[in-house]
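Protein chains in written order, with UniProt numbering: chain A, 1 to 506; chain B, 1 to 506.
Number of protein chains: 2
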Amino acid sequence: MTGIDRLLFEKYKDRIISAETASKLINNNDVVGTSGFTKAGDSKSVLPAFAKRASLENIAITLITGASLGHTTDADLASNGALFKRMPFQADATLRRHINNNDVLYIDQHLSETAELLQNGHLPKLNIAIIEASGVDENGNIIPSTSIGNSATFAALADKIIIEINTSFPIELKGIHDVFIQEEYPNKQIIPITAVDTRIGSEYITINPAKVVGIVFTEAQDSPADIAAADEKTTAIANHLLRFFEKEVASGRLSNSLLPLQAGIGKVANAVLSGFINSKFENLSMYSEVLQDSTFDLIDSGKMTFASASSITVSKDCYSKIMNNFSFYKNKMILRPQNISNAAEVIRRLGIIAINTAIEFDIYGNVNSTHISGTKMMNGIGGSGDFARNAYLSVFVSQSASKENNAISHVLPMVSHVDHTEHDVDILVTEQGLADLRGLAPVERARIIIKNCVHPDYKEQLEDYCNRAQALGGHTPHILSEALSWHTRFTENKSMKHEYQLEKMI
Amino acid sequence: MTGIDRLLFEKYKDRIISAETASKLINNNDVVGTSGFTKAGDSKSVLPAFAKRASLENIAITLITGASLGHTTDADLASNGALFKRMPFQADATLRRHINNNDVLYIDQHLSETAELLQNGHLPKLNIAIIEASGVDENGNIIPSTSIGNSATFAALADKIIIEINTSFPIELKGIHDVFIQEEYPNKQIIPITAVDTRIGSEYITINPAKVVGIVFTEAQDSPADIAAADEKTTAIANHLLRFFEKEVASGRLSNSLLPLQAGIGKVANAVLSGFINSKFENLSMYSEVLQDSTFDLIDSGKMTFASASSITVSKDCYSKIMNNFSFYKNKMILRPQNISNAAEVIRRLGIIAINTAIEFDIYGNVNSTHISGTKMMNGIGGSGDFARNAYLSVFVSQSASKENNAISHVLPMVSHVDHTEHDVDILVTEQGLADLRGLAPVERARIIIKNCVHPDYKEQLEDYCNRAQALGGHTPHILSEALSWHTRFTENKSMKHEYQLEKMI
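Right, here's the structure in full:
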């Protein structure tokens, strides 16, 4: 059998089953924990087989993952009615539709917290864990693949474990993982990471072999990341941010190596990170959730010395590059469980510079990362809250306006949903400019956000709101009857612009 | 001179000055850091003298404290135009009025973060620190009084230091303080607290004697805490919470000693803590911001073994009790800097049960702790965010309705300001009942909050909103044009009740 050389624990050999058989070990109403973090290291045979089974049977589960899954797994599960509840993150258009119809109940959690909540018994007991492995060692322990996510916690807490050995990964992956499980309360101890490259755990996920009910082999590859090329807006945002970092260095607040970087996934993050390649910064490091194409570009350029995260999610080309030169990259990266990559304690201690994407933000610095018009879930908060709250600097980026005729302003009187409060946001950036909110009271923040970040089409309109609100007084001046009117105007007139409403009235 | 025996460092003896003279060492536009945390250990002679000076001169400062000040200091400073900017917390009616008129710029900060922001250079450089002391040791170091707050950071970062030796405190206070200063980035190390009583620092604030520009003596006492007696509502809230904890113990999730408690200041917190006295819980501990009357009642009753905080803020009677029996209490308590008492790392590690007060909360679990009708500042977020975000359990309590005819509902479609997001709130309690939000999706949360927490006068109205919003769909169903209408209805009709609006329309 292909891959049998990756199964070094003899006792498991009589537990080898097909994905279809494995999928039948999942019962209706089960709580299932599976590997997978931003597409990397997800279950590529058992979960899809379960989705198929659900197309024929009336069966549904609570599915807890690391973060988003790859391929069409989340879509197939949702379409076939296989999901009762889903957490802590997703990024699939089909699943999203089901979530917004409330036929899949979704819990949008800080990515650091799921493992903790399970360990504390604040979520239902896990019946079964499905963990992708690049191999199994001679003691029956799991060597993960391209992510760790919540897998170690799932394996520790579930009654049963299915291991999916994936032969598409090189066995050289062994050694890049650092698996650390915290004790339960009241005996929780320090997470002793004091640098991005501190090793505190083991290279494998320790499991109780008696719980393993199935070994499945697969050779399906990770879904590649979709890398969107930088455009005018993302380049402008990146440049504003790079100029800001240069000023911080000039002021003596930061060294030329800055502090460890965290970057959310996507176009802007990639543009910012890529911007460092031709910068004067050096010896950069990363303590983030995901290692992206730009991470490896920075390593290649000699600008980045080390990167820590919970997964490797890269394009097909980048993946080949890494795997073909693995010995070069191996000592420059580490993968950790997501409750360690996103641990409040470590983020505060290392002093992370956190760069995340906002859907919209308001004149007082509140950020919405999750909901369209305050109601429809986009993806989820992911780790942005973990990082923003405890970061050395909490940066949020967004385009200032979007759609034809700039019909949507992403800078608003009041956000329609708050994921990051004014207390936790330091720097806001759009392609228009950057607002440094440090040390500013709400009315001062409003002034600088309007001056630097809003799209020119909305400047007057936002100033008008701001002036009329301030005339009424209050520490955080608002006209509550109007505060969310930009959103309702868009629903009614397909534009947030005041002039459209006026024209309509005439 | 009274108290000269408390000044053990010879070199300071020629720096003894009057409060009035000391107040002249503060310059216009200075950034001033002073001791004082929830009334305890504040500057009782120099700051008041400065307020007096400001009544005659056109002079204003940025004032950074631990938290709220005692007596009428904040009021006098604000009334005399002495405050340009104020942070990170206040609780004074006069200052509040000036903040809401925006003639004092106020920054409402997480109490854990101010010291960090100063150390990082994210706030302006401190010109002068004014620190109350119960004494000065033979090396010139400060023995604090009833709070530590941000004093150690202020003393480390300010150019000049004024020490206010207060003889109203017993010298026996020496030994209850544990002063720990974290290294600056990139060398920040672990905060090695692994139990509520772990000692990690020194009994005094180490300072550079060359920076001391004045020693002032005073004998003014701390302002006593206002203790409001438990009433029907607070007792009901306390009972709901105690029954909940009993169930958690019965389920095996918690032991009979629970986990360390944190409680905000006020009536409800006192009622809850007092409720433990006649409970079956035992060996309770506290890791909080403030030691209140109820803390000492719990210690007296033998129910609480140890309490850690940043200040002692108690009634006059309780203060006498403590000081007259100090040897009994001394080994049962510790005072820490507020960035340690409120450190994310320690809160998560110890697994704090955090109980804080909400001004209002919404059907999806978002909490407003600071703003009346989304605009007017009440006091500030204080440490509630520090604790809620990283707690083992994050509990928020509020009365369900208030004012004549229950004109205000504190349970709403949408809060008018978000301090704690749905991601960070586990348990909501009103006198009507308790909603356990753990593991629930937004629509499930709405159901249980309406069922258990809302006042009967508003149940139908809130159900109606909820049903109509859910009919429109979305993960977090809202009708944005109506979401804040309860607040605007109150402004217009002096009641949030829909019937008032209907009656008016007839």
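Every residue gets a Cβ at the ideal spot worked out from N, C-alpha and C, and that includes glycine.
| request: Going by CA-CA distance only, name the one from B:158, B:20 and B:211 that's closest to residue 218 of chain B. | output: Translated into the one-based positions of the second sequence, residue 218 of chain B becomes position 218. Ranking B:158, B:20 and B:211 by Cα distance to residue 218 of chain B puts B:20 first.
| said: Only counting the same chain, and skipping five residues up and downstream in sequence, which positions put a Cβ closer than 6 Å to that of residue 304 of chain B? | reply: Stepping through the second sequence from its first residue, residue 304 of chain B is reached at position 304. Excluding residues within five positions, the ones whose Cβ falls inside 6 Å are 284 and 298.
| query | Would you report the Cα separation of residue 292 of chain B and residue 227 of chain B, rounded to the nearest angstrom? | reply | As a first step, residue 292 of chain B is located in the second sequence; it is residue number 292 there, counting from the start. As a first step, residue 227 of chain B is located in the second sequence; it is residue number 227 there, counting from the start. Each residue's Cα considered, the two are about 9 Å apart.
| Which residues, in chain order, does the region 341-360 of chain A contribute to contact with chain B at a C-beta distance below 9 Å? | Correct list: 343, 344, 345, 346, 347, 348, 349, 350 and 351.
| request: Answer with yes or no whether the minimum CB distance from residue 252 of chain A to chain B is below 9 Å. | output: By 1-based counting over the first sequence, the position of residue 252 of chain A is 252. At a cut-off of 9 Å between C-beta atoms, residue 252 of chain A counts as an interface residue with respect to chain B.
| query | Along chain A, in chain order, which residues have C-beta atoms closer than 7 Å to that of residue 389 of chain B? | reply | Within the second sequence, residue 389 of chain B is the residue found at index 389, counting from 1. Scanning chain A for C-beta atoms nearer than 7 Å to the C-beta of residue 389 of chain B yields 389, reported in chain order.
| Curious, which full-length beta strand (DSSP E) runs of at least 3 residues does the region 409-496 of chain B contain? | You should have 427-430 and 433-436.
| task | Taking only the alpha-carbon atoms, compute the straight-line gap between residue 172 of chain B and residue 190 of chain B and give it to the nearest angstrom. | result | The residue labelled residue 172 of chain B in the question sits at position 172 within the second sequence. The residue labelled residue 190 of chain B in the question sits at position 190 within the second sequence. Taking the straight line joining both Cα atoms gives about 30 Å.
| said: Considering only DSSP beta bridges, list what residue 312 of chain B is partnered with. | reply: Reading the second sequence from its first residue, position 312 is the one you call residue 312 of chain B. Answer is B:291, bridged to residue 312 of chain B.
| request: Starting from the beta carbon of residue 392 of chain A, find every residue of chain B whose beta carbon is closer than 7 Å, and list them in chain order. | output: Here the question's residue 392 of chain A lines up with position 392 in the first sequence. Using a Cβ-Cβ cut-off of 7 Å, residue 392 of chain A is close to 120 and 185 of chain B, given in chain order.
| request: Report the neighbours of residue 546 of chain B on chain A: residues whose CB is nearer than 8 Å to its CB, in chain order. | output: Any property of residue 546 of chain B remains undetermined from this structure, which presents chain B solely from 1 to 506.
| message | As an exercise, report each continuous beta strand (DSSP E) stretch of at least 3 residues that is fully enclosed by the region 70-112 of chain A, in chain order. | response | Listed in chain order, they are 83-87.
| request: For chain B, find out if any of its Cβ atoms is closer than 9 Å to the Cβ of residue 417 of chain A; answer yes or no. | output: Sequence index remark: in the first sequence, residue 417 of chain A carries index 417 (1-based). Yes, residue 417 of chain A lies at the interface with chain B (some Cβ there is under 9 Å from its Cβ).
| field | Contacting positions in the region 357-383 of chain A - beta carbon closer than 8 Å to chain B | value | Residues 366, 371, 373, 374, 375, 376, 377 and 381.
| message | For the region 96-109 of chain B, list every residue whose C-beta sits within 8 Å of some C-beta in chain A, in sequence order. | response | Of all residues in the region 96-109 of chain B, only 99, 100, 101, 102, 105, 106, 107, 108 and 109 come within less than 8 Å of chain A when Cβ atoms are compared, listed by chain position.
| said: I want to see whether chain B comes within less than 9 Å of residue 496 of chain A, judged by CB atoms only; does it? | reply: One-based indexing of the first sequence puts residue 496 of chain A at position 496. So no, residue 496 of chain A is outside the interface.
| task | List the endpoints of the continuous beta strand (DSSP E) containing residue 34 of chain A. | result | Here residue 34 of chain A corresponds to residue number 34 of the first sequence, with the count starting at 1. Note, residue 34 of chain A: beta strand (DSSP E), 31-34.
| chain A beta carbons: is any one of them nearer than 9 Å to that of residue 192 of chain B? | Numbered from its first residue, the second sequence carries residue 192 of chain B at position 192. Judged by the 9 Å Cβ criterion, residue 192 of chain B is in contact with chain A.
| Where does residue 360 of chain B land, buried or exposed, given buried means 16+ other C-beta within 10 angstroms? | On the second sequence, residue 360 of chain B is found 360 positions in, with the first residue counted as 1. With 16 or more other Cβ atoms within 10 Å, it is buried.
| message | Do residue 79 of chain B and residue 98 of chain B have their beta-carbon atoms positioned less than 9 Å apart in this structure? | response | Here residue 98 of chain B refers to the residue found at position 98 when the second sequence is read from its first residue. Here residue 79 of chain B refers to the residue found at position 79 when the second sequence is read from its first residue. Result yes, Cβ atoms of residue 98 of chain B and residue 79 of chain B sit closer than 9 Å.
| task | Identify the continuous alpha helix (DSSP H) that holds residue 338 of chain A and give its terminal residues. | result | In the first sequence, counting from the first residue as 1, residue 338 of chain A sits at position 338. Segment 338-341, the alpha helix (DSSP H) holding residue 338 of chain A.
| query | Do the region 89-97 of chain B and the region 372-381 of chain B make contact, defined as three or more Cβ pairs closer than 8 Å? | reply | The region 89-97 of chain B is in contact with the region 372-381 of chain B.
| query | What does residue 444 of chain B touch in chain A if you count any residue whose Cβ is under 7 Å from its own? | reply | For the purposes of this step, residue 444 of chain B is taken as residue 444 along the second sequence, with counting starting at 1. The answer, in chain order, is 105.
| said: Quick check on the DSSP output: the alpha helix (DSSP H) that includes residue 275 of chain A runs from which residue to which? | reply: Mapped onto the first sequence, residue 275 of chain A falls at position 275. Boundaries of the alpha helix (DSSP H) around residue 275 of chain A: 267-275.
| field | Straight-line Cα distance separating residue 245 of chain B from residue 422 of chain A | value | Counting from 1 along the first sequence, the entry for residue 422 of chain A is found at position 422. Counting from 1 along the second sequence, the entry for residue 245 of chain B is found at position 245. The alpha-carbon atoms of residue 422 of chain A and residue 245 of chain B are separated by roughly 32 Å.
| request: Could you tell me which residues DSSP pairs with residue 40 of chain B in its beta bridges? | output: Counting from 1 along the second sequence, the entry for residue 40 of chain B is found at position 40. Looking at the DSSP assignment, residue 40 of chain B forms a beta bridge with B:37.
| Does the separation of the CB atoms of residue 457 of chain B and residue 497 of chain B fall below 9 Å? | Walking along the second sequence from the start, residue 457 of chain B turns up at place 457. Walking along the second sequence from the start, residue 497 of chain B turns up at place 497. Yes, the pair counts as a contact, with Cβ atoms nearer than the cut-off.
| query | What are the partner residues of residue 160 of chain A, as DSSP defines its beta bridges? | reply | Here residue 160 of chain A refers to the residue found at position 160 when the first sequence is read from its first residue. A:128, per the DSSP bridge assignment.
| field | Contact with chain B by residue 438 of chain A, beta-carbon distance below 9 Å | value | Taking the first residue of the first sequence as position 1, residue 438 of chain A is located at position 438. Interface criterion met: the Cβ of residue 438 of chain A is under 9 Å from a Cβ in chain B.
| message | Classify residue 39 of chain A: buried if its beta carbon has 16 or more other beta carbons within 10 angstroms, exposed otherwise. | response | On the first sequence, residue 39 of chain A is found 39 positions in, with the first residue counted as 1. Burial state of residue 39 of chain A is buried, judged by a 10 Å Cβ sphere holding 16 or more other Cβ atoms.
| 7 Å Cβ shell around residue 459 of chain A - same chain, five flanking residues per side excluded | For the purposes of this step, residue 459 of chain A is taken as residue 459 along the first sequence, with counting starting at 1. Cβ neighbours of residue 459 of chain A beyond the five flanking positions: 450.
| Residue interval of the beta strand (DSSP E) (run including residue 362 of chain A) | Here residue 362 of chain A corresponds to residue number 362 of the first sequence, with the count starting at 1. Looking at the DSSP string, the run of the beta strand (DSSP E) that includes residue 362 of chain A is 360-362.
| field | Own chain residues within Cβ distance below 8 Å of residue 506 of chain A, not counting five before or after | value | Mapped onto the first sequence, residue 506 of chain A falls at position 506. Here residue 506 of chain A scores only 48 on pLDDT, less than 50, and its place in the model is too uncertain to base an answer on.
| task | Kindly indicate if chain A contains any beta-carbon less than 9 Å away from that of residue 259 of chain B. | result | Here residue 259 of chain B refers to the residue found at position 259 when the second sequence is read from its first residue. Chain A, which has a Cβ nearer than 9 Å to the Cβ of residue 259 of chain B, makes this yes.
| request: Under the assumption that residue 412 of chain B contacts residue 354 of chain B (Cβ atoms under 8 Å), give the Cβ distance between them as a whole number of angstroms. | output: Looking up residue 412 of chain B in the second sequence gives position 412. Looking up residue 354 of chain B in the second sequence gives position 354. That pair is no contact at about 22 Å.
| task | Just mark residue 2 of chain A as buried or exposed, buried being the case when its beta carbon has 16 or more other beta carbons within 10 Å. | result | Reading the first sequence from its first residue, position 2 is the one you call residue 2 of chain A. By the neighbour-count rule (16 or more Cβ atoms within 10 Å), residue 2 of chain A is not buried but exposed.
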